[in-house]
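Down below is the structure, laid out as structure tokens.
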Amino acid sequence: MIEIPSDLHKDLVPLVFLLGDWAGAGVHDFPGAEKCNFGQEVSFTHDGRDFLEYQSHTWVLDDDGNKVRPLESEHGFWRVDAHRKVEVTMTRDDGVIEIWYGELADQKPQIDLVTDAVARTAASRPYTGGKRLYGYVKSDLMWVGEKQTPEVELRPYMSAHLKKVVTPEDVERWAKALPDDMPDDGIAFFK
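Each residue of the sequence shown is one higher than the one before, counting from 1 in the UniProt record's numbering.
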């Protein structure tokens, strides 16, 4: 269920499908790095201003799905303009800072992004840019990331399938929003 918060900045309505906490798993595979399955927690929040705040934490999973160690962390800010153009500023834990530009697809909740600028600290690994695709599919958030380095051409390196995290407060709010005339047996609801 997608809800538009009453205090959401009007410019952010096209990005409302991203709002909330998400969790799931994916695959990481890039030359020179360990191929692995990973877990991920993502949060998109707002405070009434014209941007979404983004946080992502990933960790390597063992064969049983247990956390082994951190993989990557990102923090950023997402904006969208009246022409459905999206801009993202992002900082990664490995010393990379990126500016991404892209756009929302027409008539569907999908965002294509590409890096416009990359800055790296001396300690960061080689990296020259990337692309990302985010999509809201059947109430889930899916994404795939591509990256390139001076040695490796642009190629997919991470993808994940995330589910919305439902809190007890969400359930309580939804329950209060149910109509008073709901059938007692539940069956009539489907007729």
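Glycine is no exception: its CB is placed at the ideal position from the N, C-alpha and C atoms.
CA-to-CA distance, residue j to residue i, given in whole angstroms
| i | j | result |
| --- | --- | --- |
| residue 22 | residue 152 | 30 angstroms |
| residue 56 | residue 176 | 31 angstroms |
| residue 38 | residue 51 | 28 angstroms |
| residue 17 | residue 130 | 23 angstroms |
| residue 155 | residue 145 | 8 angstroms |
| residue 150 | residue 112 | 23 angstroms |
Beta-bridge partners of residue i, as assigned by DSSP
| i | result |
| --- | --- |
| residue 55 | 43, 75 |
| residue 38 | 26, 60 |
| residue 89 | 77, 99 |
C-beta contact flag for residue i and residue j at 8 angstroms
| i | j | result |
| --- | --- | --- |
| residue 134 | residue 28 | no |
| residue 49 | residue 59 | no |
| residue 7 | residue 80 | no |
| residue 127 | residue 116 | no |
For residue i, the nearest candidate out of the options (CA to CA)
| i | options | result |
| --- | --- | --- |
| residue 15 | 140, 144, 61, 84 | 84 |
| residue 34 | 111, 71, 2 | 71 |
| residue 74 | 127, 80, 53, 105 | 53 |
| residue 92 | 125, 86, 116, 67 | 125 |
| residue 107 | 136, 128, 146, 99 | 136 |
Neighbour-count burial assignment, residue i, 16 or more Cβ in a 10 Å radius
| i | result |
| --- | --- |
| residue 2 | exposed |
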